[in-house]
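J.: Protein sequence lines correspond, in order, to chains A and B. Note that my numbering numbers the first sequence so that position 166 is 218, with each residue one more than the last. Note that my numbering numbers the second sequence so that position 363 is 415, with each residue one more than the last. Got a structure here, written out as structure tokens. Questions coming.
Protein chains: 2
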Amino acid sequence: MTTILDRDTFGAFTRHTHAALPPSGTGSLTGLTFGAKDLYDIAGAHTGFGSPDWLGSHGPADVTAVAVQRLMDAGAEMVGRTHTDEMAWSLLGENAHYGTPVNVNAPGRVPGGSSSGSAAAVAGGLVDFALGSDTGGSVRLPASFCGVLGMRPSHGRVSLAGACALAPSFDTAGWFAREADVLERVGRVLLADDSPSRPVGRVLLAEDAFAWAGDAVTAALAEAVARVESLFGAAERVALAPQGLAGWIDDFRVLQSAEAWEAHGDWVTRVKPQFGPGVKERFAFAATLEPALVTKARAHRMTSAAHVHSLLGGDAVIVLPTTPGIAPMRGLPQDTLNAFRGQCIAMLAAAGMAGCPQITLPMGRIDGCPLGLSVIGAPGNDTQLLALAGALA
Amino acid sequence: MTTILDRDTFGAFTRHTHAALPPSGTGSLTGLTFGAKDLYDIAGAHTGFGSPDWLGSHGPADVTAVAVQRLMDAGAEMVGRTHTDEMAWSLLGENAHYGTPVNVNAPGRVPGGSSSGSAAAVAGGLVDFALGSDTGGSVRLPASFCGVLGMRPSHGRVSLAGACALAPSFDTAGWFAREADVLERVGRVLLADDSPSRPVGRVLLAEDAFAWAGDAVTAALAEAVARVESLFGAAERVALAPQGLAGWIDDFRVLQSAEAWEAHGDWVTRVKPQFGPGVKERFAFAATLEPALVTKARAHRMTSAAHVHSLLGGDAVIVLPTTPGIAPMRGLPQDTLNAFRGQCIAMLAAAGMAGCPQITLPMGRIDGCPLGLSVIGAPGNDTQLLALAGALA
């Protein structure tokens, strides 16, 4: 019997935790295949979470994660589990233990992470869609780098029961597809259905995010922005972060670290895992975080969220570049990557700070490599964004 | 040597965990005395948290809670620890193990909780101010019932390091005083100082909250509302919860329970504490909570928060009654209290859902008993509210 692993020339799927499951029902996803990031539990199997020490210190799961189960109940077939960055705590897609999935649309470049395998598998046409997770950008960024659609839902809107946590107040279950129609069909299955979206009201353009991303990115997305305006009205220019996007780098880092330590500190202290570069330093920082920094960052988060919500006002959408550029080359030094990661976080933080849904659409190109245009909606307006993607397709 | 316990005719201070500490510095609070809710750690002493089993299963604290330390560093003297409802998980002020502090301003009636002793001590003139905590109303409600000022700060704005958690995404450190000047001076010490408030922009009146509270409350606060309008401009009528305030009762209950179980589930399972009525049922509910309910409630929270933030828009304030009535009589049956508690939660939830600061001012009376008028501000605008209270005083 052949499996997805026989066809996986991109290194997108895990071998050490391979699992595949047939549909458990028929429905709107019948006939579609998907991969699930290796941090969603599958009953009877071990979850890898991108860490050999995690795998070695945890027994098999009792129950399949709710999101995975819903997809199979709706008729989709899970063909395998996709690679994740270690503990989902990176944005690049280079896992020190398990390697780097191939970004078929940007040769020689990273796929982005932490949902690296899910993005690579969808980009490579191995599956119709893939389930990832997005804490600080782990769906949106790899979707931008790999040239596919990616959706981060409103915080709390899609169940994370049976998924490994990173920073629960930011964690979301997100997904990837090549076609807007598939992205929307998956959304209708995953999203709780009691929160009707409003139609797009005003279009806002995050001037500070475009400035942060720079001229090349702004030029590469100009046509995409014009297309959004032609369908939904001329954009009003706004600032996502009147105090400066740079402030979000530290705020996000502190909050994510505090929550990651709360979630995994006991395990880290007990097991003393051999973390790869980057993750190791991040956990070391988390272990020694000053409570006063966390208090301050939490307060900043609330004012940031209130500002973003007050811009959105219930039905507006905010347009911005997903990432400050195309995917970097594979194998760059850690310092270079860390600096780039900070630049990315500043642009990706708004949705996480404010619990907003964000969709990224592969509408730009630089040097032949993909670049995403993002649209942020008010919390709860997930299907508004999915419909917008359909209208643009 | 006499202590506060010799003068405490209101049963506001704890005897079983009594601790008193002199000022550790001189500053803006020199000459003022305060009590601290018995869920803030004091180095070398045992924290009671309103539960005999908690007390019996925890060693002495290593470090004094940050908020308490800041107050003493600024010159205030901590004269004792004030009673709290069991695990801070009630709103009435009746602790099955330690009794009910006396509400000097509403004879025969409860003081409200969970910061029952702090409110009672300030109302009774035993201290100049008191430190409490507010998750779902535990400062605002007893302040309203006892006829004192109460402040719930923006979420994350005041450190809770060294304080027992109930539901961390809602928990705040709040405080009580009889005078607006003292409330503000304490605020300037406790609040992180890098978030300047904006002056009051528009005044909004939460029509649905007044309707929920009913005609008697609306009439009792009419003069207070007129006074706010005379100073800050005519109020525009808005709805705090366009889907209905009632929905917040369940959403808040589910989220609080999920977080309380995450914080204390292991301890409850291990120690099997003998909880009093109310708390016992709430922990039993928390232990068996469906993840799907939590996911849905989290999504509702985000849309609720976004709506409140979009009303506030950065500088507006929302005026509403603090509670749906004056304090109920002591010793009512649990069913009656639970129903009343739900009515309270619906009105108190907005600030918690949206991380907003809220101040309550003793500006109303029904049957000779106190009733508070509340003002909610945008996250970060804590000193805006403190200044507003000063202007009204």
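Glycine included, every Cβ here is placed at the ideal spot set by N, Cα and C. These numbers come from a predicted model, not from an experiment.
Can you tell me which of the three DSSP states A/Lys-332 falls into?
T.: Here residue 332 of chain A is taken as the residue at index 280 of the first sequence, counted from 1. Reduced to three states, the DSSP call for A/Lys-332 is helix.
J.: Answer yes or no: does any C-beta atom of chain A fall closer than 9 angstroms to that of B/Ala-351?
T.: Here residue 351 of chain B refers to the residue found at position 299 of the second sequence. Yes - at least one Cβ of chain A is within 9 angstroms of the one on B/Ala-351.
J.: For a contact defined as C-beta to C-beta under 7 angstroms, what are the partners of A/Ala-430 on chain B?
T.: The residue given as residue 430 of chain A occupies position 378 in the first sequence. Those are Ala-358, listed as they occur along chain B.
J.: Would you list, in sequence order, the uninterrupted beta strand (DSSP E) runs of no fewer than 3 residues that lie entirely inside the segment 351 to 384 of chain A?
T.: Within the segment 351 to 384 of chain A, the complete beta strand (DSSP E) runs of at least 3 residues are 369 to 373.
J.: Mark B/Leu-384 as exposed unless 16 or more other C-beta atoms lie within 10 angstroms of its C-beta, in which case mark it buried.
T.: For this step, residue 384 of chain B is matched to residue 332 along the second sequence. The residue is exposed, with fewer than 16 neighbouring Cβ atoms inside 10 Å.
J.: Does B/Met-53 come out as helix, strand or coil in the three-state DSSP assignment?
T.: Indexing the second sequence from 1 puts residue 53 of chain B at position 1. Coil.
J.: Starting from the beta carbon of B/Pro-343, find every residue of chain A whose beta carbon is closer than 9 angstroms, and list them in chain order.
T.: Looking up residue 343 of chain B in the second sequence gives position 291. What B/Pro-343 touches in chain A: Val-118, Ser-211, Leu-212, Ala-213, Gly-214.
J.: What separation, rounded to the nearest whole angstrom, lies between the Cα atoms of B/Gly-208 and A/Arg-350?
T.: Residue 208 of chain B sits at position 156 when you count from the first residue of the second sequence. Residue 350 of chain A sits at position 298 when you count from the first residue of the first sequence. So the alpha carbons of these two residues sit roughly 5 angstroms apart.
J.: Apart from the five residues just before and just after B/Asn-390, which ones in its own chain have a Cβ nearer than 8 angstroms to its Cβ?
T.: Position 338 of the second sequence, counting from 1, holds the residue named residue 390 of chain B. Closer than 8 angstroms at Cβ, skipping near neighbours: Gly-330.
J.: Is B/Glu-311 closer than 9 angstroms to B/Leu-218 when the C-beta atoms are compared?
T.: As a working note, residue 218 of chain B is residue 166 in the second sequence. As a working note, residue 311 of chain B is residue 259 in the second sequence. In this structure, B/Glu-311 lies closer than 9 angstroms to B/Leu-218 by Cβ.
J.: Tell me the DSSP bridge mates of B/Glu-311?
T.: Working through the second sequence from its first residue, we reach residue 311 of chain B at position 259. The partner list for B/Glu-311 (beta bridge, DSSP) is empty, contrary to what the question assumes.
J.: From the beta carbon of A/Ser-309, is the nearest beta carbon of chain B less than 9 angstroms away?
T.: Counting from 1 along the first sequence, the entry for residue 309 of chain A is found at position 257. Closer than 9 angstroms: no.
J.: Using a Cβ-Cβ distance cut-off of 9 angstroms, determine whether B/Ser-362 contacts chain A.
T.: Counting from 1 along the second sequence, the entry for residue 362 of chain B is found at position 310. Yes, B/Ser-362 counts as interfacial toward chain A.
J.: Spatial neighbours of B/Leu-201 within its chain, please: CB distance less than 8 angstroms, with the 5 preceding and 5 following residues excluded, ordered by chain position.
T.: Taking the first residue of the second sequence as position 1, residue 201 of chain B is located at position 149. So the qualifying residues of the chain are Ala-195, Phe-228, Ala-229, Arg-230, Glu-231, Ala-232, Leu-235, Ile-411, Thr-412, Leu-413, Pro-414, Ala-441.
J.: Opposite B/Gln-410 in the DSSP bridges: which residues?
T.: Within the second sequence, numbered from 1, the residue matching residue 410 of chain B stands at position 358. In DSSP, B/Gln-410 forms a bridge with B/Arg-204, B/Ile-428.
J.: Are the beta-carbon atoms belonging to A/Trp-300 and A/Ile-397 less than 9 angstroms from one another?
T.: Residue mapping note: residue 300 of chain A aligns to position 248 of the first sequence, counting from 1. Residue mapping note: residue 397 of chain A aligns to position 345 of the first sequence, counting from 1. Yes, these two residues count as a Cβ contact at 9 angstroms.
J.: Got a sec: which bits of the segment 403 to 419 of chain A sit with their beta carbon under 7 angstroms from any beta carbon on chain B, in order along the chain?
T.: Answer in chain order: Gly-407.
J.: Which residues in chain B sit within 9 angstroms of A/Thr-347, going by Cβ to Cβ distance?
T.: Within the first sequence, the letter at position 295 stands for residue 347 of chain A. In chain order: Val-118, Gly-208, Arg-209, Val-210, Ser-211, Leu-212, Ala-213, Ala-244.
J.: State the Cα-Cα distance for the pair B/Val-238 and A/His-352, rounded to the nearest angstrom.
T.: Looking up residue 238 of chain B in the second sequence gives position 186. Looking up residue 352 of chain A in the first sequence gives position 300. When rounded, the distance between both Cα atoms is 21 angstroms.
J.: According to DSSP, which residues form a beta bridge with A/Asn-147?
T.: Translated into the one-based positions of the first sequence, residue 147 of chain A becomes position 95. A/Asn-147 pairs with A/Gly-151.
J.: At the level of alpha carbons, what is the spacing between B/Cys-37 and B/Thr-347?
T.: This structure cannot speak to residue 37 of chain B, because chain B is shown only from 53 to 445.
J.: Following the continuous beta strand (DSSP E) through B/Asp-125, name the residue where it begins and the one where it ends.
T.: Taking the first residue of the second sequence as position 1, residue 125 of chain B is located at position 73. Note, B/Asp-125: premise wrong, no beta strand (DSSP E); alpha helix (DSSP H) at 118 to 125.
J.: Any chance the segment 364 to 372 of chain A sits against the segment 254 to 265 of chain A, with 3 or more Cβ pairs inside 8 angstroms?
T.: In short, these stretches touch, since the Cβ pair count reaches three.
J.: Residue range of the alpha helix (DSSP H) that B/Trp-106 falls in?
T.: Here residue 106 of chain B refers to the residue found at position 54 of the second sequence. Element bounds for B/Trp-106: 104 to 109.
J.: For B/Gln-308 versus B/Gly-188, is the C-beta distance shorter than 9 angstroms?
T.: As a position in the second sequence, residue 308 of chain B is number 256, starting the count at 1. As a position in the second sequence, residue 188 of chain B is number 136, starting the count at 1. Result yes, Cβ atoms of B/Gln-308 and B/Gly-188 sit closer than 9 angstroms.
J.: Helix or strand or just coil, what does DSSP make of A/Phe-15?
T.: This structure cannot settle anything about residue 15 of chain A, because the visible part of chain A is limited to 53 through 445.
J.: In the structure shown, what three-state DSSP assignment does B/Gly-317 receive?
T.: Counting from 1 along the second sequence, the entry for residue 317 of chain B is found at position 265. If DSSP states are grouped into helix, strand and coil, B/Gly-317 belongs with the helices.
J.: Please list, in chain order, the chain B residues whose beta carbon lies closer than 7 angstroms to that of A/Gly-365.
T.: Translated into positions along the first sequence, residue 365 of chain A becomes position 313. Result: Ser-362.
J.: Quick check on DSSP: helix, strand or coil for A/Leu-438?
T.: In the first sequence, residue 438 of chain A corresponds to position 386, counting from 1. In this structure, A/Leu-438 counts as helix in the three-state DSSP scheme.
J.: Please determine if the segment 179 to 188 of chain B and the segment 145 to 162 of chain B are in contact, where contact requires at least 3 C-beta pairs separated by less than 8 angstroms.
T.: With a cut-off of 8 angstroms, the segment 145 to 162 of chain B and the segment 179 to 188 of chain B do not count as touching, because too few Cβ pairs lie within range.
J.: May I ask you to list the residues that DSSP assigns as paired with B/Ser-185?
T.: Here residue 185 of chain B refers to the residue found at position 133 when the second sequence is read from its first residue. Paired residues: B/Ala-225.
J.: So, A/Leu-423 versus A/Ile-370, is the Cβ gap smaller than 9 angstroms?
T.: By one-based count along the first sequence, residue 423 of chain A stands at place 371. By one-based count along the first sequence, residue 370 of chain A stands at place 318. Against a cut-off of 9 angstroms, the Cβ pair of A/Ile-370 and A/Leu-423 comes out as no contact.
J.: Look up A/Pro-422 in the DSSP assignment and say whether it is helix, strand or coil.
T.: Start at 1 with the first residue of the first sequence, and residue 422 of chain A comes out as number 370. Three-state DSSP puts A/Pro-422 in a strand.
J.: Return yes when the Cβ of B/Gly-151 is within less than 9 angstroms of the Cβ of B/Ala-71, no when it is not.
T.: Position 19 of the second sequence, counting from 1, holds the residue named residue 71 of chain B. Position 99 of the second sequence, counting from 1, holds the residue named residue 151 of chain B. No, the Cβ-Cβ distance between B/Ala-71 and B/Gly-151 is not below 9 angstroms.
J.: Give me, in chain order, the residues of the same chain whose beta-carbon lies closer than 7 angstroms to that of B/Asn-433; leave out the 5 immediate sequence neighbours on both sides.
T.: As a working note, residue 433 of chain B is residue 381 in the second sequence. Here the set comprises Ser-249, Arg-250, Pro-409.
J.: Does any residue of chain A have a CB that is nearer than 9 angstroms to the CB of B/Met-139?
T.: In the second sequence, residue 139 of chain B corresponds to position 87, counting from 1. Cβ-Cβ to chain A under 9 angstroms: no for B/Met-139.
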